[in-house]
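In the order they appear, the protein sequences are chains A and B.
Under the working numbering, the first residue of the first sequence carries the number 68, and numbering increases by one thereafter.
Under the working numbering, the first residue of the second sequence carries the number 8, and numbering increases by one thereafter.
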Amino acid sequence: MIKHKVFLTLFLSLSAVCGLFAAKPAPAAKKAASLPPAAVLGGVTAADMPYDVGGAVLLRWAVNPSDTPATTYTVYASSLQAGGWVEAESFASTAKTGKDIDLPFWAWDGSASEHAVKIELTNFFGEIKDGDVFHFKVAALENGKLVAESLPLDASTTSNWFRLDRLNNVVMLLLVTIVFFWAVSHAKRKGLFIRRIAGLDAIDEAIGRATEMGKPIYYVPGIGDMTMVSTIASTFILGEVAKKVAQYDTTIKVPHYNPVVMTVSKEVVKQAFLEAGRPDSFREDINQFISSDQFSYAASVDGMISREKPAACFFMGYFMAESLLLAEVGATTGAIQIAGTDSESQLPFFFTACDYTLIGEELYAAGAYLSKDPMLQSALKAQDFGKLVVMISVALGVILTAVGALMKWGAFTQTIADLFKAY
Amino acid sequence: MSHTVLIAGAWISAGLTIFLFSFLYKDNPFFKIAEHLYLGAGMGWWCQIYFGVLQEKVWTPLTHHEWLVLLPALLGLSLITQFIPKISWLSRYGFTFLMGYGSGLAIPAGLATDFINQIGGTIQPFANLAGMTAFTLFNSVLMAVGVICVLIYFFFSLEHKGAIKKVSNVGIYFLMIYFGAAFGNTVMARFSLLYGRFDSLYTFSGKQYLYATQVILIAMVTYFILHGFLTRNKADQDEEAA
Numbered sequence: 068m069i070k071h072k073v074f075l076t077l078f079l080s081l082s083a084v085c086g087l088f089a090a091k092p093a094p095a096a097k098k099a100a101s102l103p104p105a106a107v108l109g110g111v112t113a114a115d116m117p118y119d120v121g122g123a124v125l126l127r128w129a130v131n132p133s134d135t136p137a138t139t140y141t142v143y144a145s146s147l148q149a150g151g152w153v154e155a156e157s158f159a160s161t162a163k164t165g166k167d168i169d170l171p172f173w174a175w176d177g178s179a180s181e182h183a184v185k186i187e188l189t190n191f192f193g194e195i196k197d198g199d200v201f202h203f204k205v206a207a208l209e210n211g212k213l214v215a216e217s218l219p220l221d222a223s224t225t226s227n228w229f230r231l232d233r234l235n236n237v238v239m240l241l242l243v244t245i246v247f248f249w250a251v252s253h254a255k256r257k258g259l260f261i262r263r264i265a266g267l268d269a270i271d272e273a274i275g276r277a278t279e280m281g282k283p284i285y286y287v288p289g290i291g292d293m294t295m296v297s298t299i300a301s302t303f304i305l306g307e308v309a310k311k312v313a314q315y316d317t318t319i320k321v322p323h324y325n326p327v328v329m330t331v332s333k334e335v336v337k338q339a340f341l342e343a344g345r346p347d348s349f350r351e352d353i354n355q356f357i358s359s360d361q362f363s364y365a366a367s368v369d370g371m372i373s374r375e376k377p378a379a380c381f382f383m384g385y386f387m388a389e390s391l392l393l394a395e396v397g398a399t400t401g402a403i404q405i406a407g408t409d410s411e412s413q414l415p416f417f418f419t420a421c422d423y424t425l426i427g428e429e430l431y432a433a434g435a436y437l438s439k440d441p442m443l444q445s446a447l448k449a450q451d452f453g454k455l456v457v458m459i460s461v462a463l464g465v466i467l468t469a470v471g472a473l474m475k476w477g478a479f480t481q482t483i484a485d486l487f488k489a490y
Numbered sequence: 008m009s010h011t012v013l014i015a016g017a018w019i020s021a022g023l024t025i026f027l028f029s030f031l032y033k034d035n036p037f038f039k040i041a042e043h044l045y046l047g048a049g050m051g052w053w054c055q056i057y058f059g060v061l062q063e064k065v066w067t068p069l070t071h072h073e074w075l076v077l078l079p080a081l082l083g084l085s086l087i088t089q090f091i092p093k094i095s096w097l098s099r100y101g102f103t104f105l106m107g108y109g110s111g112l113a114i115p116a117g118l119a120t121d122f123i124n125q126i127g128g129t130i131q132p133f134a135n136l137a138g139m140t141a142f143t144l145f146n147s148v149l150m151a152v153g154v155i156c157v158l159i160y161f162f163f164s165l166e167h168k169g170a171i172k173k174v175s176n177v178g179i180y181f182l183m184i185y186f187g188a189a190f191g192n193t194v195m196a197r198f199s200l201l202y203g204r205f206d207s208l209y210t211f212s213g214k215q216y217l218y219a220t221q222v223i224l225i226a227m228v229t230y231f232i233l234h235g236f237l238t239r240n241k242a243d244q245d246e247e248a249a
């Protein structure tokens, strides 16, 4: 009995001691208990970022007027149901308002009275799919201490089919298209005027020289592929050159870098010989595939030019570092050289080594100028219309923006900036 | 890498470099060797790349039952039908798709970058007119004037005479200044490539590479001298015979 009492006393004593220790708060817990609980940050919404390719979420909440300069906000994102928070964005309370979202006025009604934060989820979670749900929370901090936190929010992203922010691009495209069709109908009825392009008149001279000398003509279409405008323009010029070559019964050689361009060029040359009434003069080896490697192509064409010593060389299309290698060798053989490219970095080399050079857009215009084809002429007219729009827009835009800036009409200058932004 | 392989590599590298440079003197058999080797090696390289693409983009997805890749693969293969005249018409489907796809990609991008961004970029500095210095203001005005003048040069719907010709000539000056800057920039980049080759030749001229550069260079110069004498004698004989 006494033994039982002793055990009971011991048990009660131990329980009392444990209880005493348990009731005594730890220093850290005591400190935490002294802080006021973090308030809930209300009014936060999370939704898919509009007019994008997906992968971004937009968080919005009202600006708190009681925020001080020491207040900062931190946005957390997570791909997990619980935990796994990643700091996605951190900024001062005066930053990231609705005005800072990079969308034009017709697609976004941003206000300075709300915070709007775009979170690029792909930066944190890699590749994501449409419909993947992510979780977000926003924390407000005062001098680094948490004062308010939103409840976790769910949002998923979607890729948008239509980008309203690019409406200006569509309008411009439609306008140019309308002008193009007008020009087509006009060109078919009355024809269109195109000014003389220096360099193109030399084509006849070059082909005539080759005929007199009994030497071949080299037509190098560059290293662009068939989707490049300069290569397309080059094939048009090749057609006209080949037609004249067929008429004069001269030899032409077209060394190729790209097999697709070679196939198209073959058809173009065949058609040109047919139109010239000399289908019998057409040979399959006029168009030769050389190499798809830039410098081995250049080395090989250089070798061919230096051995055959052509009377004329045409370099029309897209060129890169091989431009000078080709044109320089052509110049040393004494050939008359006509070049044309829209690759600005290579134009200086053609200027130095060639007799005539078509600069950028002149190459595009050359096809229309030579063929007098209504479709090509109309395309040129549409381009001219575009240039006119650019000239007028630049002149007016500069004046209006300067006036707006002087008069401090912020909304006015922003509207002009929005109109001419490609996004 | 064994020492022998290293030396062999140095001799090939120095040899091919000098062979290609020999074209600066005149066309010769050494250049022809390097040219054809380069051509073959280049095509061989691209061939394995293309076959690699077939495996990566077509074969592997097919083994994962991604049957949609068959569509672009068939369009791509249709281009090869050019080699079979009877069914070469099939290649038109591939070409048409290629052209349409290329235009679809190029038109919106071109419109955005060459057109709208060009306007926006030219007028944007004026939004901060109050904060501009005299130099930045001059720079911005110069840019705007330059854009308009250059565009007038490329305007094909008007005959260039009178005032238009004068403005267009100003545009040419802007273009030439740009081309001059681009020329200098590119030439500098080319010189760095040349230094790279010279540096390699210098490295391979060392004892550890058995004086590859000097030996090849001397051998080639000897060949050119002998060839020059022999062909001159032959030319003289031909003249006498004539």
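For every residue, glycine included, the Cβ atom is placed at its ideal position computed from N, Cα and C.
Contact between methionine 295(A) and valine 331(A) is absent: CB atoms are separated by about 12 Å, not below the 8 Å threshold. With 16 or more other CB atoms across the displayed protein chains lying within 10 angstroms of its CB, phenylalanine 381(A) is buried. Taking the CA atoms as reference points, alanine 196(B) sits about 23 Å from glycine 427(A). Counting only runs that start and end inside the stretch 145–226 of chain A, the beta strand (DSSP E) elements of at least 3 residues fall at 153–159, 181–187, 200–209, 212–216, 220–223.
Between the alpha carbons of methionine 387(A) and leucine 425(A) lies a gap of roughly 16 Å.
Burial check for valine 60(B): the Cβ neighbour count within 10 Å stays below 16, so the residue is exposed. Taking valine 251(A) as the centre and dropping the five residues before and after it, the same chain places the C-beta of Pro441, Met442, Ser445 closer than 7 Å to its C-beta, in chain order. Considering only beta carbons, the part of the stretch 406–428 of chain A lying closer than 9 Å to chain B consists of Glu411, Ser412, Gln413, Leu414, Pro415, Phe416, Phe418, Thr419, Ile426, Gly427, Glu428, in chain order. Taking a contact to require three or more Cβ pairs closer than 8 Å, the stretch 239–259 of chain A and the stretch 336–353 of chain A do not qualify as touching. Within the model, the alpha-carbon separation for glycine 384(A) versus leucine 82(B) is close to 25 Å. Ranked by Cα distance from alanine 378(A), the options Thr135(A), Ala215(A), Lys282(A) are led by Lys282(A). Secondary structure note for tryptophan 128(A): its beta strand (DSSP E) is the uninterrupted segment 123–129.
Residues of chain B whose Cβ lies closer than 9 Å to the Cβ of isoleucine 261(A) are, in chain order, Phe163, Ser164. Setting aside the 5 residues that flank it on each side, phenylalanine 133(B) is surrounded in the same chain by Ser147, each with a C-beta closer than 7 Å to its C-beta; the list follows chain order. Judged by DSSP in its simplified three-state form, proline 132(B) adopts helix.
Using a C-beta cut-off of 8 Å, the stretch 121–140 of chain A makes contact with the stretch 195–213 of chain A, since at least three inter-stretch Cβ pairs fall below that distance. Neighbourhood of methionine 458(A) in chain B, by CB distance below 9 Å: Val154, Ile155, Leu158, Ile159, Phe162, in chain order.
Among the residues facing chain B, methionine 116(A) is not included, as its CB has no counterpart in that chain under 8 Å away. In the DSSP assignment, leucine 425(A) forms a beta bridge with Gly407(A).
Using a Cβ-Cβ cut-off of 8 Å, proline 92(B) does not count as an interface residue toward chain A, since no Cβ of chain A sits closer than that to its own.
Counting C-beta atoms within 10 angstroms of its own C-beta, glutamate 73(B) has fewer than 16 neighbours from the protein chains shown and is therefore classed as exposed. For secondary structure counted as the beta strand (DSSP E) over 3 or more consecutive residues, the stretch 37–114 of chain B holds no complete run. Residue burial annotation: cysteine 54(B) is exposed, with fewer than 16 other C-beta atoms found within 10 angstroms of its C-beta. Under the three-pair Cβ rule at 8 Å, the stretch 173–180 of chain A does not count as touching the stretch 193–202 of chain A.
One Cα belongs to valine 465(A), the other to lysine 310(A), and the distance between them is close to 47 Å. Contact between the stretch 218–233 of chain A and the stretch 117–130 of chain A is established, with three or more Cβ pairs separated by less than 8 Å. Against chain A, the beta carbon of histidine 167(B) has neighbours under 9 Å at Arg262, Arg263, listed in chain order. In terms of Cβ geometry, tyrosine 143(A) and phenylalanine 201(A) do not form a close pair [threshold 8 Å]. Contact between the stretch 271–282 of chain A and the stretch 229–245 of chain A is absent: fewer than three C-beta pairs spanning the two stretches fall below 8 Å. Approximately 6 Å separates the beta-carbon atoms of phenylalanine 487(A) and isoleucine 123(B); this is inside 8 Å, confirming the contact.
In the three-state reduction of the DSSP assignment, glutamine 413(A) falls in the coil class, being assigned neither a helical nor a strand state. For aspartate 451(A), the uninterrupted alpha helix (DSSP H) run begins and ends at 441–473, by DSSP. In chain order, Leu82, Gly83, Ser85, Leu86 place their CB closer than 7 Å to the CB of glycine 101(B), counting only its own chain and leaving out the 5 sequence neighbours on each side. The Cβ of threonine 129(B) sits closer than 8 Å to at least one Cβ of chain A.
In chain order, Ile264, Leu267, Ala300, Ile304, Gly407, Leu425 place their CB closer than 7 Å to the CB of alanine 433(A), counting only its own chain and leaving out the 5 sequence neighbours on each side. When beta bridges are read from the DSSP output, glycine 289(A) appears opposite Tyr385(A).
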